[in-house]
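Report on the structure given below.
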Amino acid sequence: MVVYEITASTQASCPLEVVKIPVAAGDPVFDVNGTVAGIPFTRARYDKNTGKGFDCPREQVNDRTAWIDGSFVYSVTEAWVASMRSFRNGTLREGSEKGYPPRNDANIPLDNPPPPQAHRLLSPDRLFPLRLCQNWWNAQDVVQEYSVEEFILGMVSQVSEAEDVIVVEDLRDFSYGPLHFSRLDAVASTIMRGRDNGLSSYNVLRKRFNLAEKEWHTINPKLYQINKANGLFTEEEIGRIHSITLKDIIQATMDVPDKWLQKNVFFSNSDNPCPQPFQVNTTDLEQCIPLMRFDHVTEVEGNEIIFIFTLIGLGCIPLRK
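Numbering (full-length UniProt numbering), first residue to last: 1 to 321.
In structure tokens, the structure reads:
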């Protein structure tokens, strides 16, 4: 979330600038019917005094505050922030549960069907693994039914996959999108955002600093480098740092009994109090809802007629000289 707050600091441009990310004809996800020209990508807002030539590239506007304060969640838009403020001692509004925001009961809430209705239709193997592409907007339902503690227990006991360059299809093909294009490619959108910000590639930057190019297997061969010449730590302190484990950090920052944590938290033991029954893969999970497109003009009966007559009516309004 901190990374998102730092990198996603600009809203969409006004007027909207939408470019298409090309997709292969007949793509099984984004062009099933052969009618999609590409995945839409909205360019970021920028200073209108820039971007007028090759020697004057666009300068994106930072819409976030100078503090790491969660403004990417609470926004910096005055109307949005005002609706969440209590206007008492600079605090945010609270709901019936102290310390939590109020529930959305004043406006039309998001489409969040209660999960228990579908539980009787699912086997235990398909019920408990929660697929990312199906839970973008249903987080509150899931948390309310189980609990945050149960999620944490599940995550600390989950067996991770080996590191590789493969991005799961939930992000590559089924990332959330707007109504007119409900599924996006998070990887392609991230690359396009870097291009929109004028970000050079890693090796291009290395060349500019007179460094040799890198390949995938030579990037970050070590997790960190020990620099004893900076004088920040003594030999004794470095030895103490090397002896600290993630278990020590968890116990120092959270009220967790020692019996709940194993000595090496990076390996799953047979006596795990909350073991993972099997390795999760796409064959054991529900299928992601495919791409859907919604046209506000043509897909609502009668809208196209209203749209036409609205434009005619606007064209008949005389303008003052």
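Just so it is clear, CB atoms sit at the ideal spot from N, CA and C, and this is done for glycine as well.
As the structure is a prediction and not an experimental result, all values here were calculated from the model.
{"Item": "Taking the straight line between their C-alpha atoms, what separation do you get for residue 61 and residue 236?", "Value": "46 Å"}
{"Item": "Below 8 Å, how does it come out for the stretch 29 to 48 and the stretch 8 to 17: are there three or more Cβ pairs, yes or no?", "Value": "yes"}
{"Item": "Counting only the same chain and skipping the five closest in sequence on each side, list residues whose C-beta sits under 7 Å from that of residue 56.", "Value": "50"}
{"Item": "By the DSSP assignment, the alpha helix (DSSP H) with residue 204 in it spans what residues?", "Value": "202 to 208"}
{"Item": "Which residues bound the alpha helix (DSSP H) around residue 187?", "Value": "186 to 196"}
{"Item": "Kindly indicate which three-state DSSP category residue 316 falls into: helix, strand or coil?", "Value": "helix"}
{"Item": "Near residue 136, what residues of its chain come up, given a Cβ to Cβ distance below 6 Å and the 5 sequence neighbours on each side ignored?", "Value": "176"}
{"Item": "Spell out the partners DSSP gives residue 40 in its beta bridges.", "Value": "20"}
{"Item": "Do residue 23 and residue 291 come within 8 Å of each other at the CB atom, strictly closer than that value?", "Value": "no"}
{"Item": "Rounded to a whole number of angstroms, what is the C-alpha to C-alpha distance between residue 91 and residue 85?", "Value": "6 Å"}
{"Item": "Compute the beta-carbon to beta-carbon distance between residue 39 and residue 185, rounded to the nearest angstrom, for a pair I have assumed lies under 8 Å.", "Value": "6 Å"}
{"Item": "Along the alpha helix (DSSP H) that carries residue 81, what are the first and last residues, could you check?", "Value": "78 to 84"}
{"Item": "Under the three-state reduction of DSSP, which class applies to residue 133: helix, strand or coil?", "Value": "helix"}
{"Item": "Got a sec, what are the start and stop residues for the alpha helix (DSSP H) residue 169 sits in?", "Value": "169 to 172"}
{"Item": "Pull up the CB-CB distance for residue 294 and residue 217, whole angstroms please, since I reckon it's below 8 Å.", "Value": "About 44 Å; that fails the 8 Å criterion."}
{"Item": "With which residues is residue 146 paired in a DSSP beta bridge?", "Value": "Its beta-bridge partners do not exist; DSSP assigns none."}
{"Item": "Report all residues from its chain with a CB closer than 6 Å to the CB of residue 259; omit the five preceding and five following residues, and keep chain order.", "Value": "none"}
{"Item": "Would the stretch 151 to 161 count as touching the stretch 193 to 212 if we require 3 or more Cβ pairs under 8 Å?", "Value": "no"}
{"Item": "Based on the DSSP secondary-structure assignment, which residues constitute the bridge partners of residue 100?", "Value": "Residue 100 is not bridged to any residue."}
{"Item": "Short check: CB of residue 159 to CB of residue 287, under 8 Å?", "Value": "no"}
{"Item": "Which word fits residue 133, buried or exposed, when buried means at least 16 other C-beta atoms lie within 10 angstroms of its C-beta?", "Value": "buried"}
{"Item": "Roughly how many whole angstroms lie between the Cα atoms of residue 144 and residue 93?", "Value": "20 Å"}
{"Item": "Taking the alpha carbon of residue 11 as the point to measure from, which residue in 64, 276 and 103 has its own alpha carbon closest?", "Value": "64"}
{"Item": "Cutting at 8 Å between CB atoms, please list the residues of its own chain near residue 34, excluding the five before and the five after it.", "Value": "25 and 26"}
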